[in-house]
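Trainee: Chains as they are written, first to last, in my numbering: chain A, 172 to 450; chain B, 8 to 119. Quick reminder that beta carbons are idealized off the backbone N, C-alpha and C, glycines included. As the structure is a computational prediction, the values presented were derived from the model and not from experiment. Handing you this structure, nothing more for now.
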């Protein structure tokens, strides 16, 4: 197919990915690379490059709203971003030496993980107060957020663990062109004990910065093709925007299940393709 | 601050759309193959090159400039944070944000 048809088709696919991704909260980023490689036969390097740019666009667009509402903790985000960025730069640097088959398998595993990842349990009892002498407290990371009962203070715990997890999140982002939002939320919420809304919004703003770190490396290596990045980015951005506007009607469980099913199928496909050397 | 980010993304996308229109009008009938990886023309891999191509009116150069603008939005966000922390005299976090900015710059630094 010629460029016009190709761009149109990729745009349409990215639109759907962004839309369903934002509705279900599972992210459109992880689906883009499998979509491009499996459905469009795009080489994995180009696919990862294009996906990375779309991740930045969606993250910057979404983060805008949350920063305004005072949920995200910029101090924690910035501190952890040191770990994430180093991870991202490392991942991007190493990616050139990893055969695409290996990346395909890794992405498949990550896709599996994103479907079965532990999610926040709303009814977890309040943990004992964090040690006031902890690293998090001494640096001044403890803060408050607009909770259901007004300004609610919270504390940061297990900072070193969070740092390590963020490094892994960055590594995955740099290697696979994904946002790693799930890992980041895991680190902020489960590991460091931040309130859920703070975790998700802080993660949102961090995703763009992390992706920008590896994007530079990818750009210089020629992984980012404008003809491909354009329909993907525009499609995902438009789709996510539409999904966010429609978020007033909560996504049905059926839609979530369907999307998870699709991701699982893609995960199997990616691992299979990588294993048999088709990618 | 929040609207700055969003405005940046919207503007960058606008540039991409402009470049896209040009690209599809001029090269829509051609067939670009993405099946094999062969890198990009050197001009589209460096910031200097992209600016040059974009200014010359090359369609892909204009799109790539939009891509560059997208990458720039989180970088600007961090730069803003440096300023914000400095105003609040939170020097530790000024240092932390500058470190992140340095890491970002390292990734974006033109290799040639």
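Below 9 Å between beta carbons is the criterion; list the residues of the stretch 434 to 449 of chain A that meet it against any residue of chain B, in chain order.
Mentor: Cβ contacts with chain B come from no residue of the stretch 434 to 449 of chain A.
Trainee: Ordered along the chain, which non-local residues of its own chain (more than five positions away) have a Cβ less than 6 Å from that of residue 279(A)?
Mentor: Within the same chain, residue 279(A) has close Cβ partners 438, 441 and 442.
Trainee: Please confirm whether residue 316(A) has its beta-carbon closer than 7 Å to some beta-carbon of chain B.
Mentor: It does not; no Cβ of chain B falls within 7 Å.
Trainee: Scan the stretch 205 to 272 of chain A and note each continuous alpha helix (DSSP H) run of 4 residues or more that stays entirely inside, going in chain order.
Mentor: Counting only runs of 4 or more, we get 215 to 240 and 245 to 266.
Trainee: Smallest Cα separation from residue 410(A): which of 215(A), 179(A) and 229(A)?
Mentor: Nearest C-alpha to residue 410(A): 229(A).
Trainee: Is the stretch 400 to 407 of chain A touching the stretch 20 to 31 of chain B in the sense that three or more CB pairs, one from each, lie closer than 8 Å?
Mentor: A contact exists between the stretch 20 to 31 of chain B and the stretch 400 to 407 of chain A.
Trainee: Once DSSP output is grouped into helix, strand and coil, what is the label at residue 296(A)?
Mentor: No answer about residue 296(A) holds up, because its pLDDT of 46 lies below 50 and its placement is not dependable.
Trainee: Could you name the residues of chain A that residue 88(B) contacts, counting a contact when the two beta carbons are closer than 7 Å?
Mentor: Those are 245 and 249, listed as they occur along chain A.
Trainee: Would residue 388(A) pass as a contact of residue 263(A) if the rule is Cβ separation under 7 Å?
Mentor: Against a cut-off of 7 Å, the Cβ pair of residue 263(A) and residue 388(A) comes out as a contact.
Trainee: Compare the beta carbon distance of residue 204(A) and residue 218(A) with 7 Å and say whether it is the shorter of the two.
Mentor: Taking 7 Å as the Cβ cut-off, residue 204(A) and residue 218(A) qualify as a contacting pair.
Trainee: Can you confirm whether residue 252(A), when its beta carbon is compared against all beta carbons of chain B, has any partner nearer than 7 Å?
Mentor: It does; some Cβ of chain B falls within 7 Å.
Trainee: Exposed or buried, what is residue 323(A) when buried is set at 16 or more other beta-carbons lying within 10 Å of its beta-carbon?
Mentor: Exposed: under 16 other Cβ atoms inside 10 Å.
Trainee: Could you tell me the distance, in whole angstroms, from the CA atom of residue 331(A) to the CA atom of residue 61(B)?
Mentor: Cα to Cα, residue 331(A) sits roughly 44 Å from residue 61(B).
Trainee: I'd like the span of the beta strand (DSSP E) that includes residue 322(A), first residue to last.
Mentor: Note, residue 322(A): beta strand (DSSP E), 321 to 325.
Trainee: Quickly, what does DSSP pair residue 316(A) with across the bridge? List them, please.
Mentor: Looking at the DSSP assignment, residue 316(A) forms a beta bridge with 323(A).
Trainee: For residue 71(B), name the three-state secondary structure that DSSP assigns.
Mentor: Residue state, collapsed to three classes: helix.
Trainee: Select from the stretch 58 to 83 of chain B all residues with a C-beta closer than 7 Å to any C-beta belonging to chain C, and list them in chain order.
Mentor: Among the chains of the structure shown, chain C does not appear; the protein chains present are A and B.
Trainee: Can you say whether residue 328(A) is buried or exposed, counting buried as having 16 or more other CB atoms within 10 angstroms of its CB?
Mentor: With 16 or more other Cβ atoms within 10 Å, it is buried.
Trainee: Closest to residue 346(A) by C-alpha separation, out of 326(A), 256(A), 449(A) and 428(A), would be which residue?
Mentor: For residue 346(A), the nearest C-alpha among the options comes from 256(A).
Trainee: For chain B, find out if any of its Cβ atoms is closer than 7 Å to the Cβ of residue 328(A); answer yes or no.
Mentor: No, its Cβ sits nowhere closer than 7 Å to a Cβ of chain B.
Trainee: Using a beta-carbon distance below 7 Å, is residue 101(B) in contact with chain A?
Mentor: Judged by the 7 Å Cβ criterion, residue 101(B) is not in contact with chain A.
Trainee: From 253(A), 343(A) and 250(A), pick the residue whose C-alpha is nearest to that of residue 275(A); which is it?
Mentor: Residue 275(A) has its Cα closest to that of 343(A), out of 253(A), 343(A) and 250(A).
Trainee: Answer with yes or no whether the minimum CB distance from residue 413(A) to chain B is below 7 Å.
Mentor: Not one chain B Cβ lies under 7 Å of residue 413(A).
Trainee: Inspect the beta-carbon positions of residue 377(A) and residue 258(A) and report whether they are closer than 7 Å.
Mentor: No; because the gap between Cβ atoms is not below 7 Å, this pair is not in contact.
Trainee: First and last residue of the alpha helix (DSSP H) that includes residue 337(A)?
Mentor: Its alpha helix (DSSP H) spans residues 330 to 347.
Trainee: Roughly how many angstroms separate the alpha carbons of residue 311(A) and residue 102(B), rounded to a whole number?
Mentor: Using only the alpha carbons, I get a separation of about 14 Å.
Trainee: Taking Cβ positions only, does residue 93(B) come closer than 7 Å to chain A?
Mentor: No, no contact with chain A.
Trainee: Between residue 425(A) and the ligand GTP, is the CB less than 6 Å from at least one heavy atom?
Mentor: The model depicted lacks the ligand GTP and carries no ligand whatsoever.
Trainee: Between the C-alpha atoms of residue 40(B) and residue 55(B), what's the straight-line distance to the nearest angstrom?
Mentor: Answer to the nearest angstrom: the Cα atoms are 26 Å apart.
Trainee: So, is residue 216(A) buried or exposed, given that buried needs 16 or more other C-beta atoms within 10 angstroms?
Mentor: The residue is buried, with at least 16 neighbouring Cβ atoms inside 10 Å.
Trainee: Just to confirm my understanding: we take residue 80(B), look at its own chain, exclude 5 residues before and 5 after, and list those with CB closer than 8 Å. What are they?
Mentor: Contacts found: 12, 15, 16 and 19.
Trainee: Measure the beta-carbon distance from residue 341(A) to residue 254(A) and round it to whole angstroms, keeping in mind my assumption that it falls under 8 Å.
Mentor: At roughly 7 Å, the Cβ-Cβ gap stays under 8 Å, so residue 341(A) and residue 254(A) are in contact.
Trainee: Roughly how many angstroms separate the alpha carbons of residue 384(A) and residue 114(B), rounded to a whole number?
Mentor: One C-alpha to the other measures close to 6 Å.
Trainee: Should residue 214(A) go down as buried or exposed, given a rule of 16 or more other Cβ atoms within 10 Å for buried?
Mentor: Classification of residue 214(A): buried, given that the 10 Å Cβ count is 16 or more.
Trainee: What is the DSSP secondary structure of residue 355(A), counted as helix, strand or coil?
Mentor: Three-state result, residue 355(A): helix.
Trainee: Use the C-beta contact count for residue 293(A): other C-beta atoms within 10 angstroms, 16 or more gives buried, fewer gives exposed.
Mentor: The pLDDT assigned to residue 293(A) is 49, lower than 50, so where the model puts this residue is not dependable; a value taken from the coordinates is nonetheless given after this. It counts as exposed.
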